[in-house]
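Chemist: I'd like to ask some things about the structure below.
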Amino acid sequence: MRPISFKTETTKGTARTGILSTPHGDIQTPAFVPVGTKAGVKGILPEQLLSLGAQVVLANTYHLYLQPGESTVKDGGGLGNFMGWSGPTMTDSGGFQVFSLGAAFGRTITKIAKGEEDTVTQGVSVFDEEVQSQHGQLAVIDEQGVTFTSHLDGSLHRFTPERSVEIQHSLGADMFFAFDECTSPTEPYAYQKEAMERTHKWAERSLKAHRQNLEANRKQGIFGIVQGGRYEDLRTESAKEIASMDFDGFGIGGSFSKEDMMGALQAAVQHLPKEKPRHFLGIGEPGDLLLGIAEGMDTFDCVAATRLGRHGTIYTKRGPIHLKTEKYKSEHEPLDTETIIPGTEGFSRAYVSHLLRSGEMLGQIIASLHNLGFIIRLVDEARAALHAGNFDEYRRDFVYTYYGRTL
RNA sequence: GCGUCGGUGGCAGAGUGGUCAAUUGCAAUUGGCUGUAAACCAAUCGGAUUUAUCCUACGUAGGUUCGAAUCCUACCCGGCGCA
Numbered sequence: 267m268r269p270i271s272f273k274t275e276t277t278k279g280t281a282r283t284g285i286l287s288t289p290h291g292d293i294q295t296p297a298f299v300p301v302g303t304k305a306g307v308k309g310i311l312p313e314q315l316l317s318l319g320a321q322v323v324l325a326n327t328y329h330l331y332l333q334p335g336e337s338t339v340k341d342g343g344g345l346g347n348f349m350g351w352s353g354p355t356m357t358d359s360g361g362f363q364v365f366s367l368g369a370a371f372g373r374t375i376t377k378i379a380k381g382e383e384d385t386v387t388q389g390v391s392v393f394d395e396e397v398q399s400q401h402g403q404l405a406v407i408d409e410q411g412v413t414f415t416s417h418l419d420g421s422l423h424r425f426t427p428e429r430s431v432e433i434q435h436s437l438g439a440d441m442f443f444a445f446d447e448c449t450s451p452t453e454p455y456a457y458q459k460e461a462m463e464r465t466h467k468w469a470e471r472s473l474k475a476h477r478q479n480l481e482a483n484r485k486q487g488i489f490g491i492v493q494g495g496r497y498e499d500l501r502t503e504s505a506k507e508i509a510s511m512d513f514d515g516f517g518i519g520g521s522f523s524k525e526d527m528m529g530a531l532q533a534a535v536q537h538l539p540k541e542k543p544r545h546f547l548g549i550g551e552p553g554d555l556l557l558g559i560a561e562g563m564d565t566f567d568c569v570a571a572t573r574l575g576r577h578g579t580i581y582t583k584r585g586p587i588h589l590k591t592e593k594y595k596s597e598h599e600p601l602d603t604e605t606i607i608p609g610t611e612g613f614s615r616a617y618v619s620h621l622l623r624s625g626e627m628l629g630q631i632i633a634s635l636h637n638l639g640f641i642i643r644l645v646d647e648a649r650a651a652l653h654a655g656n657f658d659e660y661r662r663d664f665v666y667t668y669y670g671r672t673l
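Using this note's numbering, the first residue of the first sequence is number 267, and each one after it goes up by one.
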């Protein structure tokens, strides 16, 4: 008996609802997963997560390995216990940091490409200070793994698939991801292919490392990650390859341009087994969440809600607004008239704008709370609409009101 | 009253004859943020503009100089000291 199981409830085309069962409880899917990178969702208490409707939280291997160290988390009773969250948990493998500390280091690129693109220096196999300064990166990739310079103190570290899995065993989340390489969307086809093949080898090694640990196998499920950048043929190939391995669930990771997201998603999802959960890594934006749900994804994690909130932008049914902007200094109306989030009742735009402008952390907390609540509710409503059989209308109406455009 | 130090763009505070419309920080204005090196980052920040330039500006008024925020004189204002 595996610790992770998934049962489909309703389907509508490729979209579906289901129940993802974990040792720490069931997750109604589709579900949004708040990100608590360092074992804490920035600005939000576990009890608040609960009141917002969060069902599961995701933390990060790279960060917790560096600080406080995985043994501290393990000694603290594992990720959930350590952070005071009794529900299900996930950890990311550190594969995203291969990108964010590698190709993206010191640049303005993100995992979602838009507009003009430049070609980025590829990873190199030898690591030393000279290489680092030459390439301006904190992470350098080779076939066996990734060598990192800690962003905290400059010390040198190395992740291999086996090491990532070992750390994730110590962290003890219910679900964790195989070590992968998240590529930059600006990489050309040849590099996307090369990285994808490397990710496949790492997936196999991650899976093997996990299955060898019988105790961890009883408690934790491992998800394999599909890569392939924006290219549909690579996405198809990657999905087939990863699906052929005995993972407990799947993640779709990596990069694409906004326009290619749907194609990449479709190319991958159709080759993933229906009876296993699918996680869309690092997504997302309201419209992208609804797209992912429509294409059959079950869970999503994204830092945008809390980061945008901290930086002063809040979601509203009629699109995002930046509260630090002059006009909101005097708007004495609710954050979003159409979406009142538990814990933020009674706070006006003008009030939160003032808190944000004056550097009061309460402003960031309220905005984060609102955004997280907004996104969780969005996914919850989408789930309800799937159950009710009117998801297409729900999506269409939301997109029309939020973006002012049709699908 | 005498002496002394000082008055610079919204604020703080550099500059002490040309490379100064004036370093820097804060504030302000506007962008950005999708598996969090992110309570962060970027641009703008005297006026006009054909963005080359032109005008107005470093307490006020004069002066020296080819050229002054920078030197000189007077005045106004402020800190400190002595009366």
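All residues carry an ideal CB built from backbone N, CA and C; glycine is no exception.
1. Rounded to whole angstroms, what is the Cα-Cα separation between E525 and N656?
2. At which residue ranges does the stretch 338-367 contain complete beta strand (DSSP E) runs of 3 or more residues, listed in the order of the chain?
3. Sort out for me which residues DSSP pairs R424 with in a bridge.
4. For my contact list, P379 and I642 are in at a C-beta cut-off of 8 Å; report their separation, rounded to the angstrom.
5. For the beta strand (DSSP E) containing T276, list its first residue and its last residue.
6. What is the rounded straight-line gap between the Cα of R573 and the Cα of T426?
7. Decide if Y331 is buried, meaning its Cβ has at least 16 other Cβ atoms within 10 Å, or exposed.
8. In angstroms with no decimal places, state the Cα-to-Cα distance between A469 and D554.
9. Any idea if S510 is buried or exposed, counting beta-carbon neighbours within 10 angstroms, 16 or more meaning buried?
10. Which of helix, strand or coil does DSSP assign to I642?
11. If contact is defined by three or more beta carbon pairs under 8 Å, each pair taking one atom from either stretch, is the stretch 628-647 in contact with the stretch 558-573?
12. Under the three-state reduction of DSSP, which class applies to A297: helix, strand or coil?
13. Does the pairing of the stretch 545-563 with the stretch 510-523 give three or more beta-carbon distances under 8 Å?
14. Checking 8 Å against the spacing of the C-beta atoms, do M356 and A305 come in under that value?
15. Pick from D408, A475, A370 and S271: whose alpha carbon is nearest that of D292?
16. Output the boundary residues of the alpha helix (DSSP H) element that contains F664.
17. Quick one: using the 10 Å Cβ neighbour count with 16 as the cut-off for buried, is R268 buried or exposed?
18. How would you call D419, buried or exposed, if buried means at least 16 neighbouring beta carbons within 10 angstroms?
19. Please classify G372 as buried or exposed, where buried requires at least 16 other C-beta atoms within 10 Å of its C-beta.
20. Could you tell me which uninterrupted beta strand (DSSP E) segments, each at least 3 residues in length, are contained entirely in the stretch 592-616, listed from first to last along the chain?
Modeler: The structure says:
1. If you take the alpha carbons of E525 and N656, they lie about 25 Å apart.
2. Within the stretch 338-367, complete beta strand (DSSP E) segments of at least 3 residues are found at 355-358, given in chain order.
3. Partner residues in the beta bridge of R424, as assigned by DSSP, are T413.
4. Before going on, a small fix: residue 379 reads as Ala here, not Pro. No, A379 and I642 are not in contact; Cβ-Cβ is about 27 Å, not under 8 Å.
5. Going by DSSP, T276 is part of the beta strand (DSSP E) stretching over S271 to K278.
6. When rounded, the distance between both Cα atoms is 29 Å.
7. Y331 should be labelled buried.
8. Distance between A469 and D554, taken at the CA atoms: about 26 Å.
9. By the neighbour-count criterion, in which a residue is buried when 16 or more other Cβ atoms sit within 10 angstroms of its Cβ, S510 is exposed.
10. If DSSP states are grouped into helix, strand and coil, I642 belongs with the helices.
11. Under the Cβ criterion (8 Å, minimum of three pairs), the stretch 558-573 counts as touching the stretch 628-647.
12. Strand, per DSSP.
13. They touch, by the three-pair rule.
14. No. Outside cutoff.
15. Here the closest residue by C-alpha is S271.
16. It spans F657 to Y669 - the alpha helix (DSSP H) in which F664 sits, taken as one unbroken run.
17. R268 comes out exposed.
18. Looking at its Cβ environment, which holds fewer than 16 other Cβ atoms inside 10 Å, D419 is exposed.
19. It is exposed - the Cβ of G372 has fewer than 16 other Cβ atoms within 10 Å.
20. Qualifying beta strand (DSSP E) stretches: none in this window.
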